[in-house]
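**Q** To start, I am sharing the structure in question, which I have written as structure tokens.
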Amino acid sequence: MADPLLTVARLLAPAFERVAGQPDVDPVVRPSDHAHAQANGALALAKQLGRPPRQVADELVAVAAADLGTIASLEVAGPGFINVTFTDEFLARQVAEIAADHRLGVSPADAPETIVVDYSAPNVAKEMHVGHLRSTVIGDALARLLAFQGHHVISENHIGDWGTPFGMLIEH
Numbered sequence: 531m532a533d534p535l536l537t538v539a540r541l542l543a544p545a546f547e548r549v550a551g552q553p554d555v556d557p558v559v560r561p562s563d564h565a566h567a568q569a570n571g572a573l574a575l576a577k578q579l580g581r582p583p584r585q586v587a588d589e590l591v592a593v594a595a596a597d598l599g600t601i602a603s604l605e606v607a608g609p610g611f612i613n614v615t616f617t618d619e620f621l622a623r624q625v626a627e628i629a630a631d632h633r634l635g636v637s638p639a640d641a642p643e644t645i646v647v648d649y650s651a652p653n654v655a656k657e658m659h660v661g662h663l664r665s666t667v668i669g670d671a672l673a674r675l676l677a678f679q680g681h682h683v684i685s686e687n688h689i690g691d692w693g694t695p696f697g698m699l700i701e702h
């Protein structure tokens with residue numbers, strides 16, 4: 531499954547290179563609150579070209595509009611941000627790929643590590659309460675997520691204060 535943000539960067543790169551007149555111009559694609567993605571590279575490119583950012587963004591949208599492919603629309607917003615909206619077909623394809631993948635689209639860790647997760651630690655000399663359950667569930671969830679990413683996880687559920695119970699056993 532291709533990363534949607536990398537897909538946008540790959541699709542917009544030729545337009546950025548054409549407007550800049552040079553190769554390897556980064557469109558700087560990020561997630562957006564106003565669309566599926568946002569390309570912020572027009573701001574840096576405008577500074578480099580000595581032109582207003584919104585004018586550069588408008589030109590980029592006009593150049594890129596010829597070959598959108600998986601992009602439904604490009605809109606210039608604010609001082610020169612380019613909001614990107616994907617086609618419904620692209621989104622449906624992404625969801626289908628994730629659903630078919632046994633890892634659900636989660637990439638394995640690039641460099642697996644050994645990670646110790648120490649959690650819960652109830653004091654056996656005191657009553658258990660719901661707070662112990664919360665830290666146990668959170669610790670177990672973290673350990674499982676890290677293991678799913680490919681890390682070697684050592685789960686340590688430390689039982690604290692053994693002294694009091696053993697003292698009571700010896701006494702009675």
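In the working numbering, the protein residues as written are 531 to 702.
Backbone N, C-alpha and C define an ideal beta-carbon position, used for all residues, glycine too.
Give the DSSP bridge partners of Asp648, in chain order.
**A** Glu686, per the DSSP bridge assignment.
**Q** Return the chain-ordered list of same chain residues with a C-beta closer than 6 Å to the C-beta of Leu573, the five sequence neighbours on each side being excluded.
**A** Hits under 6 Å: Pro583 and Gly610.
**Q** Measuring alpha carbon to alpha carbon, tell me which residue in Pro638, Ala539 and Gln578 is nearest Val559.
**A** The residue with the shortest Cα to Cα distance from Val559 is Ala539.
**Q** With a CB to CB cut of under 7 Å and the five nearest residues on each side skipped, what residues in its chain are close to Ser665?
**A** Excluding residues within five positions, the ones whose Cβ falls inside 7 Å are Tyr649 and Ser650.
**Q** Name the two residues that bound the continuous beta strand (DSSP E) containing Leu604.
**A** Start and end: Ile601 to Ala607.
**Q** Taking the runs of the alpha helix (DSSP H) that are 4 residues or longer, which of them lie wholly in the stretch 542 to 592?
**A** DSSP runs (the alpha helix (DSSP H)) wholly in the stretch 542 to 592: 571 to 579.
**Q** How many Å lie between Val614 and Ala629 at the Cα?
**A** In a straight line, the C-alpha of Val614 is about 24 Å away from that of Ala629.
**Q** Going by other Cβ atoms of all chains shown within 10 Å of its Cβ, with 16 needed for buried, is Gly697 buried or exposed?
**A** The residue is exposed, with fewer than 16 neighbouring Cβ atoms inside 10 Å.
**Q** Can you give me the C-alpha to C-alpha distance between Leu672 and Lys577, rounded to a whole angstrom?
**A** If you take the alpha carbons of Leu672 and Lys577, they lie about 44 Å apart.
**Q** Could you tell me whether the Cβ atoms of Glu701 and Val647 are closer together than 8 Å?
**A** For Glu701 and Val647, no; Cβs fall outside 8 Å.
**Q** Note down, in chain order, each residue of its chain lying with its Cβ closer than 6 Å to the Cβ of Glu605, except the 5 sequence neighbours on either side.
**A** So the list reads Asn613, once near-sequence residues are dropped.
**Q** So which of Ala607, Asp670 and Ala592 has the shortest CA-CA distance to Ile645?
**A** Residue Asp670 is the option with its Cα nearest to Ile645.
**Q** If you check the beta carbons only, do Leu590 and Val549 fall under 8 Å apart?
**A** Yes, Cβ-Cβ distance for Leu590 and Val549 is below 8 Å.
**Q** According to DSSP, is Thr615 part of a helix, a strand, or is it coil?
**A** Reduced to three states, the DSSP call for Thr615 is strand.
**Q** Given that a residue counts as buried once 16 or more other Cβ atoms are within 10 Å of its Cβ, and exposed if not, what is Gln568?
**A** It counts as buried.
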